[in-house]
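A.B. asks: In the working numbering, the protein residues as written are 5 to 152. We put the CB at the ideal spot given by N, CA and C, even for glycine. These figures come from a predicted structure and were not determined experimentally. Take a look at this one; I'll ask things after.
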Amino acid sequence: MAFHFTLAPLLRLRQSIERQRALRLQDASLALARAQDSFEQLERFLAESAQSDSVSLSAGCRAADLQFASVYRENLEQLREELQSEVRKLELARQQASTEYHQALREREVLETIRARQRRDYQKDELRRQQQQLDAGHLLQRWRHRSG
5 MAFHFTLAPL LRLRQSIERQ RALRLQDASL ALARAQDSFE QLERFLAESA
55 QSDSVSLSAG CRAADLQFAS VYRENLEQLR EELQSEVRKL ELARQQASTE
105 YHQALREREV LETIRARQRR DYQKDELRRQ QQQLDAGHLL QRWRHRSG
């Protein structure tokens, strides 16, 4: 008789949940990395823009150009704040996805530990049964040899 793990359907469910949570964590990490990259690009652009405006101002720029640059920079600063807020939100989502993944991982590992323990117990019992059969056969042979 082969080993049969009675909780196999539950283990398959836990494995499926773990895969789903791993994919969510991967998606959350990717979204966070993209948002952080966008934020860093905007930070670099703002720094370069400020440097460029400083050079333009010292070179004697028109007032209309300075006004446009100022409004443009304000819009970029607002975008920067929105991106920073988005990064914080995505960091929280990634942390939540990580927590859920690790919980699913632990739940699957518990079931696999139970399965491994039950398999070991089954194998021990099977070896014990086989040994008992061998012993019984040997005793029967000895009894027949003495009787006959």
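By Cβ distance, which residues of its chain are closer than 8 Å to F7, with the 5 residues on each side in sequence left out?
C.D. replies: The residue labelled residue 7 in the question sits at position 3 within the sequence shown. Counting only Cβ-Cβ distances below 8 Å, and skipping sequence neighbours, we find Q122, R123, Y126 and Q127.
A.B. asks: Relative to the alpha-carbon of A97, which residue among L29, E22 and A12 has its alpha-carbon at the smallest distance?
C.D. replies: Numbered from its first residue, the sequence shown carries residue 97 at position 93. Ranking the options by Cα distance to A97, first place goes to L29.
A.B. asks: Which residues in the same chain as L11 place their Cβ atom closer than 8 Å to its Cβ, once the five residues preceding and following it in sequence are excluded?
C.D. replies: Indexing the sequence shown from 1 puts residue 11 at position 7. Same-chain partners within the cutoff: L115, I118 and R119.
A.B. asks: Can you list, in chain order, the residues of its chain whose CB lies under 7 Å from that of F43, leaving out five sequence neighbours each side?
C.D. replies: In the sequence shown, the residue the question calls residue 43 occupies position 39. Excluding sequence neighbours, F43 sits near L87, Q88 and V91.
A.B. asks: Do R25 and E104 have their C-beta atoms within less than 7 Å of each other?
C.D. replies: If you number the sequence shown from 1, residue 25 lands on position 21. If you number the sequence shown from 1, residue 104 lands on position 100. Yes, the Cβ-Cβ distance between R25 and E104 is below 7 Å.
A.B. asks: Kindly give me the distance between the Cβ atoms of R18 and E111, rounded to whole angstroms, as I take these residues to be in contact under 8 Å.
C.D. replies: Looking up residue 18 in the sequence shown gives position 14. Looking up residue 111 in the sequence shown gives position 107. 5 Å between Cβ atoms; contact.
A.B. asks: Quick check on E3: buried or exposed, where buried means 16 or more other Cβ atoms within 10 Å of its Cβ?
C.D. replies: Residue numbering for the chain in the displayed model covers 5 to 152; residue 3 lies beyond these limits and cannot be assessed.
A.B. asks: If you draw a straight line from the C-alpha of R148 to the C-alpha of E130, how long is it?
C.D. replies: Taking the first residue of the sequence shown as position 1, residue 148 is located at position 144. Taking the first residue of the sequence shown as position 1, residue 130 is located at position 126. Near 27 Å, if we compare the C-alpha coordinates of E130 and R148.
A.B. asks: Cutting at 7 Å between CB atoms, please list the residues of its own chain near A35, excluding the five before and the five after it.
C.D. replies: For the purposes of this step, residue 35 is taken as residue 31 along the sequence shown, with counting starting at 1. The residues are L94.
A.B. asks: Taking buried to mean at least 16 other C-beta atoms within 10 Å of its own C-beta, is A67 buried or exposed?
C.D. replies: In the sequence shown, the residue the question calls residue 67 occupies position 63. The residue is exposed, with fewer than 16 neighbouring Cβ atoms inside 10 Å.
A.B. asks: Do you know how far the Cα of M5 is from the Cα of S151?
C.D. replies: What you label residue 151 is simply residue 147 of the sequence shown in a count that begins at 1. What you label residue 5 is simply residue 1 of the sequence shown in a count that begins at 1. Rounded to whole angstroms, S151 to M5 spans 34 Å at the Cα level.
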